[in-house]
Structures are given as C-alpha cells and as structure tokens.
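Asks: Residue numbers (UniProt numbering): 1 to 648.
All C-beta atoms, glycine included, are put in the ideal place defined by N, C-alpha and C.
This one's a predicted model, so the numbers in the text were calculated from it and none came from an experiment.
Following this message is one structure expressed as structure tokens.
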C-alpha cells in the first residue's frame with residue numbers, strides 16, 4: 001500500500017525552512033508508534049515487555065531482552081551518526097545498540113555471534129611502543145657527543161632495509177615489520193645498545209621508537225655482526241606462529257629451528273638443528289623417531305590406518321605403504337616385492353607360508369560375517385530413518401493444513417500484513433520528508449547566493465562608476481595644470497624674445513644700454529625647444545595617467561571577478577556540505593528503519609509462536625509455523641514520480 005504523494009505548497013516550503021535545522025523526523029518514536037504500531041498511550045518497550053511476559057507464562061524460551069531508553073533523542077539535541085554507531089558497537093562485546101548509536105525500541109541478543117568479541121592472538125606488531133635507551137659509542141667523546149642518557153631526536157623518512165651478514169629470508173621477515181616512515185637517529189654517535197634490545201620478550205618485538213619500528217640502518221650502525229645475528233634470530237623466531245615453532249630436543253641446546261625451505265625426501269617430517277645437528281620431529285616437536293616408526297601425534301595417519309583396516313588393507317613392513325588383499329588367500333605381495341601375511345602381518349615364508357600358521361579361511365569368513373552384519377545394521381538404520389521421515393512429513397503436512405485453516409492464525413497474518421504496509425508507507429514518508437528538506441535547503445542556498453550575487457553586482461557597478469568619475473576628474477585636473485604650464489612657458493618666451501629684440505629700450509634714458517649676449521640667445525633657443533616639445537610632453541603625461549587609470553580599472557574588475565568566483569565556490573562548498581549531510585542522515589535513517597524492521601519481524605515471530613502455543617494447549621494438536629512475511633521492494637520509478645516536486 002503506497003502513500004498518496006502530492007506536490008509541496010508554499011506553506012509546506014515555509015514550514016520546511018523552519019524545520020531544516022531540526023533532527024530527522026525518523027528519530028521521533030511517537031510518529032512511528034502512532035502510525036505504524038497504532039498504540040495509544042503505550043510505547044514499543046511496554047508492548048515488548050507485555051509480549052515477553054506472555055511468552056514466559058506459556059513456557060516459551062526468549063533471548064534476554066536489551067533495555068532501551070524511554071526517549072530516543074539524546075540530551076545534546078543531536079541525532080546519532082554512523083560513526084557514533086560504530087563507536088558504540090566497538091565498546092561492547094554484544095550486538096545491542098544504545099541511544100547514542102541510534103537504537104530504538106526493544107531488541108534481542110543474538111547468541112550466534114557472541115563469540116565474535118573473544119580475545120584474539122596477540123600480534124607483536126600491535127604492542128605498545130618500547131622506550132629505548134642509548135649508550136655512548138666508543139670514540140665519540142672527543143667529537144663533543146651528548147650525554148649518554150639523552151634520547152636522540154626522531155625524524156621520519158623512507159629508508160631501505162639493509163643488514164650486513166644476515167640471511168636474505170631473515171631480512172625479508174624483518175622487512176615485513178618495518179613500515180615506512182621509519183625511525184632514524186639524527187646523531188650517529190648515539191644509538192640503541194644491544195643489552196636493551198628486547199630479544200627475549202616477544203611482547204616487545206619489534207623494538208619501536210615514536211610508535212615506529214627501528215629500521216635496519218640504525219641497527220647496522222651500532223651493533224656488531226654477532227649482535228645483529230642474535231637480534232635477527234629473535235625476529236625470525238617471533239615472526240613464526242607459535243604453533244609452528246620447533247626447538248631443538250637436545251636439553252643442552254634448545255635452539256630455535258627455523259622452517260626449512262627444502263624438505264628432505266627421506267625424512268619429510270624431520271628437521272635438523274643448525275647448532276648441534278640434532279634431529280627433531282616437526283609433528284610432535286620431540287626427538288626424531290626411528291626409521292619405520294610413525295609419530296604417535298600424527299592423528300591423520302592413525303585415521304587413515306583405521307580406515308584401511310576396515311577396508312581390508314594391511315601396512316607393508318618394509319615400505320610402510322598400505323596394501324590391499326586382491327586374492328582369496330592371506331598371502332599379500334607389496335609393490336616393493338615384500339611378502340607378508342594378511343592376518344598377522346608376519347613375513348611370508350615361501351616354504352611353509354605364514355610362520356604363525358594363521359587360518360586364512362576362518363579369518364576371511366569372520367570378516368565376511370562382520371561385513372554382512374554391518375551392512376544389515378546400516379540398512380535397518382536407513383529404513384528406520386526413512387520411516388521416521390515419512391511420519392514426520394505426514395505430521396508436518398497435517399500441521400500445515402491446520403495452520404492454513406486456523407481462523408486465529410489467518411487474522412494474525414492479516415494484521416501482520418497491514419502492519420507491514422503501514423511500515424512501508426511510513427518508510428516512504430520519512431524518505432520523502434528527508435529529500436524534501438534537502439531540496440528546500442538547496443533552494444534556500446540558491447536563493448541566498450542569487451541575492452548575494454545581485455547585491456555584489458550592484459556594488460561592483462557603483463564602485464566601477466565611482467572609480468571612473470575619479471579618473472575623469474583627475475584627468476581634467478591634469479589638463480588644467482598643463483594649460484597653466486603652457487601659459488607660463490608662452491609668457492616666458494615672449495619676455496625673452498622682447499629682451500633679445502630690444503623692444504621697449506630707451507636709448508636716451510639714464511640706464512645703460514642692454515647687451516644681448518650669446519648666452520641669452522642660447523637660452524632663447526632652449527625656450528623655443530621647450531615650446532615646440534610642450535604639446536608632445538603634455539600628451540605623454542596624459543597617456544601615462546590614462547594607462548595607470550586603465551590598470552586600476554583592470555585590477556578592480558579582476559578583484560570583482562574573483563569575489564564572484566569566491567561566492568560561487570562558497571556556494572558549491574555549502575551544496576557539497578548539504579549533500580554530505582543528506583548522505584549521513586540517509587545512513588542514520590536507513591539504520592534506524594532497518595533496526596525497527598528487524599524488531600518488528602522478531603515481534604511477529606514471537607507473537608506467532610505465542611498464538612500457536614496457545615492453540616496447541618487449547619486443542620492439543622500441533623500447528624506448523626506460518627511462512628515469513630514478504631516485504632515489497634520500493635521501485636525507483638514510483639519514487640521519481642512521487643518526488644518530482646522536490647526535484648524541481
């Protein structure tokens with residue numbers, strides 16, 4: 001049953017603006033209890049509690065219920081996120097969910113996964129860092145070395161692994177431990193002392209500094225070859241799983257025996273100590289067994305031998321292979337040409353046959369009778385099992401028929417289907433509200449930034465016009481000053497011309513006559529040159545000012561464009577943040593709805609079991625379980641049609 005979807009009105013949009021910053025509606029248990037469970041004055045926890053009490057009264061074993069909070073809204077007003085769910089799940093070995101993890105309603109503990117939180121094998125690479133000390137290297141006191149107790153500073157850089165005098169496989173084992181970035185000492189005069197390396201403590205291996213494994217460069221620079229070999233032996237030993245470690249069986253030696261790369265074809269289950277050459281068994285980890293003797297700890301071989309004995313096979317005394325009896329007599333010939341008795345295993349004598357004079361016919365007859373008895377027993381068990389299965393199938397068919405004809409169970413299934421349809425409608429409604437709120441948030445962002453762009457554009461126009469007015473006023477002022485300068489040059493030129501031409505000179509006056517010198521004529525010529533170049537000089541000044549003004553206008557327009565681009569980037573960031581918020585809310589909503597669906601299904605199963613138990617006690621007959629309720633899948637097409645208004 002799908003909910004009726006409609007386009008949002010303006011009032012709905014305004015209401016969405018007010019609730020856009022609130023928590024998702026899916027976190028509200030009141031709507032879920034009212035619309036899906038249809039409980040009046042009762043919570044989901046109380047419903048489950050009453051159901052559990054009824055089941056216990058009928059003798060139905062129910063897993064331990066997990067208490068839930070009365071309110072699903074945290075005290076801080078924020079709803080849970082997927083990260084908080086993971087954090088809550090990691091802090092407890094059980095599978096229950098708390099209020100901070102977005103859990104709602106009641107749930108039951110799944111005992112099938114209870115052992116998942118058991119302790120794991122200790123990993124030497126996950127141990128806490130080791131505090132390392134340093135010692136003074138001989139010969140460094142003369143170079144102004146620091147105090148021996150000082151810890152060298154640490155820096156991080158990639159460093160290859162290189163150890164001198166060590167085996168390539170050992171280096172490979174250590175290289176797996178050293179992760180980049182690695183620890184290196186800034187001062188080569190101080191390094192780790194071998195007496196402080198935890199070569200005998202597996203929990204401290206590999207040694208670390210600043211949570212990083214010490215690289216081989218530091219070990220190589222401060223340890224001797226013997227110390228390096230000792231350290232790398234410890235690395236190889238502790239990198240081998242404890243169940244695969246083999247030590248020398250010689251009490252005077254006890255050295256660790258590494259795994260061999262090449263297996264000895266003659267002794268595949270034996271290893272040899274490199275120190276004392278003592279051979280040990282890799283299965284029981286004790287001393288090597290004699291030739292032809294099996295390891296008592298090899299349970300797989302024992303199982304094969306028992307199977308071969310039941311099938312009529314015997315083990316060759318010479319090559320230790322299993323041989324089948326192909327003929328009727330007790331004489332067996334192995335592929336290695338060894339001959340022995342099938343009954344007692346003694347070496348076959350070509351003259352007298354079995355040296356123990358075993359009666360082959362009696363033994364074969366006994367074995368034949370035992371095989372016939374075993375086959376008859378298996379057939380009887382098989383027939384009894386088939387008869388029990390037929391009876392069980394008939395009883396199950398009758399129970400299923402009674403279940404299908406029961407009015408009470410039919411009414412129960414009808415109520416469950418109606419509750420499923422209400423849950424599906426509620427789920428679609430919650431998703432629609434979530435997407436509608438997200439769409440309204442996008443619309444708000446677009447409207448806000450459109451308004452900002454509009455206001456910013458108007459401000460940019462006013463700023464550009466104001467700058468242009470100031471530039472025009474500056475050019476007019478410059479032109480006025482140039483005009484004044486031109487008039488001054490013209491007046492000076494006229495005065496110099498009049499002086500050189502002798503205009504206004506009174507020869508009869510008391511003043512001495514003026515004498516025009518070459519200097520005066522030269523200054524007059526210079527003044528003519530200034531006058532001739534004055535217009536070009538003034539135009540160049542105007543052009544320089546115009547270039548500066550054009551540069552200022554260009555810088556202003558560039559800054560305005562950058563401001564518009566920043567607005568666009570900020571809008572994109574807010575849109576991305578809104579999309580990320582939608583994804584987080586969807587994850588929270590999906591988790592909450594899935595938890596509610598699982599609780600609903602478990603409640604259905606318990607209600608059905610309670611009803612069947614009540615009917616069985618009332619009618620004294622058996623009822624079969626109802627088939628599980630199927631859940632319809634939401635079609636993408638219906639969602640797209642229903643959310644068309646939000647998409648617009």
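1) Between the alpha carbons of residue 227 and residue 278, how many angstroms are there, rounded?
2) Using a 10 Å radius around the Cβ and a threshold of 16 neighbouring Cβ atoms, would you call residue 237 buried or exposed?
3) Which residues bound the beta strand (DSSP E) around residue 339?
4) Mapping DSSP to helix, strand and coil, what is residue 331?
5) Of the residues 316, 435, 426, which one's Cα is nearest the Cα of residue 594?
6) Could you name the residues that DSSP lists as bridge partners for residue 257?
7) Under 8 Å, do residue 622 and residue 399 count as touching if we go by C-beta distance?
8) Can you pull the DSSP bridge partners for residue 209?
9) Using 8 Å as the cut-off, can you tell me whether the segment 605–613 makes contact with the segment 372–388, which would need three or more C-beta pairs spanning the two stretches below that distance?
10) Using only the alpha-carbon positions, how far apart do residue 557 and residue 459 sit?
11) Could you give the residue range of the alpha helix (DSSP H) that holds residue 701?
12) According to DSSP, residue 322 sits in a beta bridge with which residue or residues?
13) I want to see whether chain D comes within less than 8 Å of residue 368, judged by CB atoms only; does it?
14) Can you list, in chain order, the stretches of the alpha helix (DSSP H) that have 4 or more residues and sit fully within the segment 472–500?
15) Between the beta-carbon of residue 574 and the beta-carbon of residue 445, is there less than 8 Å?
16) Tell me where the alpha helix (DSSP H) around residue 270 begins and ends.
17) Do you know offhand how far residue 418's Cα is from residue 424's?
18) Is there contact between the segment 518–533 and the segment 479–497, where contact requires at least three CB pairs shorter than 8 Å?
19) Comparing C-alpha positions only, which one of 600, 545, 486, 547 sits nearest to residue 421?
20) Looking only at DSSP bridge pairs, what is residue 281 linked to?
21) Under the three-state reduction of DSSP, which class applies to residue 41: helix, strand or coil?
22) Just the Cα atoms here: how many angstroms apart are residue 377 and residue 369?
23) In whole angstroms, give me the CA-to-CA distance for residue 222 and residue 231.
24) Under the three-state reduction of DSSP, which class applies to residue 353: helix, strand or coil?
25) Can you tell which of 437, 365, 333, 451 has its C-alpha closest to the C-alpha of residue 350?
26) DSSP beta-bridge partners for residue 347?
27) Please report the Cβ distance between residue 478 and residue 548, rounded to the nearest whole angstrom; I am assuming they are in contact, meaning their Cβ atoms lie under 8 Å.
28) Going by DSSP, which residues form a beta bridge with residue 287?
29) Near residue 255, what residues of its chain come up, given a Cβ to Cβ distance below 8 Å and the 5 sequence neighbours on each side ignored?
30) On the DSSP letters alone, give me the boundaries of the alpha helix (DSSP H) that residue 59 sits inside.
31) Would you mind sorting residue 384 into buried or exposed? The rule is 16 or more other CB atoms within 10 Å of its CB.
32) Mapping DSSP to helix, strand and coil, what is residue 604?
33) Here's a check: name, in chain order, each residue in its chain whose Cβ is nearer than 6 Å to the Cβ of residue 631, leaving out the five neighbours to either side.
34) Use the C-beta contact count for residue 375: other C-beta atoms within 10 angstroms, 16 or more gives buried, fewer gives exposed.
35) Leaving out five residues before and five after residue 170 in sequence, what residues of the same chain have Cβ atoms less than 7 Å from its Cβ?
Replies: So, from the data block:
1) 25 Å
2) buried
3) 339–341
4) strand
5) Of the candidates 316, 435, 426, the one whose C-alpha sits nearest the C-alpha of residue 594 is 426.
6) 246
7) yes
8) 212
9) Look at the beta carbons and you see the segment 605–613 not touching the segment 372–388: under three pairs across the two are nearer than 8 Å.
10) 12 Å
11) Nothing can be reported for residue 701, as the shown portion of the chain is limited to 1 through 648.
12) 315
13) You won't find chain D in this structure, because it holds only one protein chain.
14) Listed in chain order, nothing qualifies, since the segment 472–500 has no complete alpha helix (DSSP H) run of 4 or more residues.
15) yes
16) Unbroken run through residue 270 is the beta strand (DSSP E), 270–272; no alpha helix (DSSP H).
17) 10 Å
18) yes
19) Closest option to residue 421, Cα to Cα, is 600.
20) 270
21) coil
22) 12 Å
23) If you draw a straight line from the Cα of residue 222 to the Cα of residue 231, it comes to about 12 Å.
24) strand
25) 333
26) 340
27) Not quite, the Cβ-Cβ distance comes to about 11 Å (not below 8 Å), so this is no contact.
28) 280
29) Closer than 8 Å at Cβ, skipping near neighbours: 247, 248, 273, 274, 275, 276.
30) Residue 59 -> no alpha helix (DSSP H), and no H or E assigned at all.
31) Around the beta carbon of residue 384, a 10 Å sphere encloses fewer than 16 other beta carbons of the protein chains shown; the residue is thus reported as exposed.
32) Residue 604 falls in the helix class under three-state DSSP.
33) none
34) exposed
35) Note on residue 170: pLDDT 41, under 50, position unreliable in the model; no value is reported.
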